[in-house]
Every structure is written in C-alpha cells, then in structure tokens.
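Peer 1: Take the sequence shown: its position 37, counting from 1, is numbered 37 in the working numbering, and each next residue is one higher. The beta carbon of each residue, even a glycine, is placed where N, CA and C say it ideally should be. First the structure, then my questions, so here it is.
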Amino acid sequence: LSWNVRGINSPSKWNVIRDKITETACDIVYFQETKKETLDLAFFKNVCPSWIDAFEFLPSIRASGGLLVAWKSSLFKGELVFSNEYAISVEFNSQHNDSCWLLTNVYAPCQAEDKLAFLEWLKSIQMPDNMDWLILGDFNLIRRPENRNKEGGNIMEMFLFNEAISALGLNEITLQGRKYTWSNKQASPLLEKLDWAFTSNSWLLSYLDTSLSALDMTPSDHCPCVVKISSHIPKSAIFRFENYCQYC
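Here is the structure:
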C-alpha cells in the first residue's frame, strides 16, 4: 500500500489509515508526507495494525515531507540501504523463500526548481541490471498532458521525467480503474496522476503478475495505491471453441 497521507499527526486519521491497511490486507506499507519529525514505536502503533510491526522512517523537515516504510516481519526481513531528502530504499528478504528485492519509496518536491534537482538525482541512480526493483510513490510529476483533466502542465518537466525513466530502464505499472490519483478538491477540481509505480526489467522476470489499483482518497487528497505482486503467470480468460468436420 503506497499513499501520500498528507500528515499522520491527527488522531482522526489514525483509524482511517488502519482501516485502509486492513481493507487491503497488505504486508508492506509506504507512506509519503507523514509530516512527522520523530516517530517511535508507541506512535507507530496508532497508525498501523498489529501485524505490521517493523518500520524505517525518514523524518520530515518541519511540516514538509516525511517517509515511512513498514512491513510484516513474519514475512519479510527488511534492511534500510539508502535514504535522502527524496526517497527511502529498503531491501527485503522473504522469510519464505529468501528471495531478495529492493523497494524505494519516493516523495518528490512540489516547487519547479526543486523538481529539476530531484530529476537530476533520479536520472543518476545506478542500479544493477539484475536487481529486482520496485520504485513508487508521489513523484509530483506527470508523464503526458492526458495525465491531468485540464489543459496545462510543464512540457519540459514531462520530457525530463520520461528521460529519467528511460535512462533507468524502468517499466510503468499501469494503474487500473482510475485515471488520476490527486485532486485539489475545489468546486471545479484539477485532477492529476502524480502517484506512480515502476519496476526494473529484472522485476518483470521474477514477478510476472504485478498490478496496480487505487482506493478512495479520503481523508487525503491522494489515492492510496495498491500493488499486488505474484510470481505466477495469470491464466488466460479466453474461451476457444473448435469445430471439427470429418468426412467419410
């Protein structure tokens, strides 16, 4: 479950967040924009159900940003491998089959000049070709004009975002059932797809059936995004009828 929660300091949000985690029965949680400068185990238990019992945390800078990655320790062993102002990366080892993969939680800046610095950093990431890598979160960027419901958008930012994605050799996981993931919640709302999930080529070979869907955004202005991961090839739903005619 990946979600820009727009702050977790309000007790009124805690039950809603826990309900979303319970609804999805997810094993790993990625939050962006926690707006928390500190986070201890006692506070963590306010937000996550009991089976989500391990976490890594990147503090916010005053009331801006803040990243949380939390998981079910009975299924995964997680180790922090990288963090900076834009992202936090945790390497996971399955307790079931010892498979290893990397998940990166991203919260990109909103200001135009800061976006350029973020894109330079993103493009410069050096990732081994054989790494099973899932990178997701709030990138605060769109890839194409149709990623918003109104005319506009910075074409140069779109170009640089797509250039970084191409340079990293990433594959977008297509969002199912919804076009946009963010709303400014005005009377005539601006809607945009700002939340993205990408994988490495190696990931596609290891986890053949990876999908992305979205839930209702309340109480945030971003939709929670749910990634479902499987190593099994989905069965075809096509029904074939063959008619044989034999002549004597």
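Measuring alpha carbon to alpha carbon, tell me which residue in S166, I8, G7 and L102 is nearest S206.
Peer 2: Answer by Cα proximity: L102.
Peer 1: Quick check: what's the CA-CA separation for K72 versus C223?
Peer 2: If I take the Cα positions, the gap works out to 22 Å.
Peer 1: Identify, in the order they occur along the chain, each residue of the same chain with its Cβ nearer than 6 Å to the Cβ of I28, setting aside the five sequence neighbours on each side.
Peer 2: Same-chain partners within the cutoff: W71.
Peer 1: Helix, strand or coil, according to DSSP, for E56 in the structure here?
Peer 2: Three-state result, E56: strand.
Peer 1: Figure out for me which residue from H96, G177, V69 and K77 has the closest Cα to the Cα of L3.
Peer 2: Looking at the sequence itself, residue 3 is Trp, so the reference to Leu does not match. The shortest Cα separation from W3 among H96, G177, V69 and K77 belongs to V69.
Peer 1: As an exercise, report each continuous beta strand (DSSP E) stretch of at least 3 residues that is fully enclosed by the stretch 16 to 50, in chain order.
Peer 2: Runs found: 28 to 32.
Peer 1: Within its chain, find whatever has a CB closer than 8 Å to the CB of E23; leave out the 5 residues flanking it on each side and keep chain order.
Peer 2: Taken in chain order, the residues that qualify are L215.
Peer 1: Please classify L205: does DSSP put it in a helix, a strand, or coil?
Peer 2: L205: helix per DSSP, three-state reduction.
Peer 1: Is DSSP giving R240 helix, strand or coil here?
Peer 2: Bear in mind that the predicted position of R240 carries a pLDDT of just 48, short of 50, making it unreliable; the figure below should be weighed with that in mind. R240: coil per DSSP, three-state reduction.
Peer 1: According to DSSP, is A187 part of a helix, a strand, or is it coil?
Peer 2: If DSSP states are grouped into helix, strand and coil, A187 belongs with coil.
Peer 1: Counting only the same chain and skipping the five closest in sequence on each side, list residues whose C-beta sits under 7 Å from that of D129.
Peer 2: So the list reads S202, once near-sequence residues are dropped.
Peer 1: Give the DSSP bridge partners of C223, in chain order.
Peer 2: According to DSSP, which records beta bridges pairwise, C223 is partnered with nothing at all.
Peer 1: Taking the alpha carbon of F57 as the reference point, which residue from T34, A63 and K45 has its own alpha carbon closest?
Peer 2: Ranking T34, A63 and K45 by Cα distance to F57 puts T34 first.
Peer 1: Measuring only the C-alpha atoms, how far is S50 from N184?
Peer 2: Taking the straight line joining both Cα atoms gives about 33 Å.
Peer 1: Which partner residues does G137 have in the DSSP bridge list?
Peer 2: G137 pairs with V106 and W196.
Peer 1: Once the 5 residues before and after E79 are set aside, which same chain residues still bring their CB inside 6 Å of it?
Peer 2: Around E79: E91.
Peer 1: Identify, in the order they occur along the chain, each residue of the same chain with its Cβ nearer than 7 Å to the Cβ of C110, setting aside the five sequence neighbours on each side.
Peer 2: N140.
Peer 1: Just how far apart, CA to CA, sit L75 and A25?
Peer 2: Distance between the alpha carbons of L75 and A25: 13 Å.
Peer 1: Considering just the uninterrupted stretch of the alpha helix (DSSP H) at A87, what are its terminal residues?
Peer 2: A87 -> not in any alpha helix (DSSP H); beta strand (DSSP E) instead, spanning A87 to S94.
Peer 1: Consult DSSP for K72 and reduce its assignment to one of helix, strand or coil.
Peer 2: Three-state DSSP puts K72 in coil, outside helix and strand.
Peer 1: What residue range does the alpha helix (DSSP H) around N162 cover?
Peer 2: From DSSP, the alpha helix (DSSP H) with N162 extends over I155 to L168.
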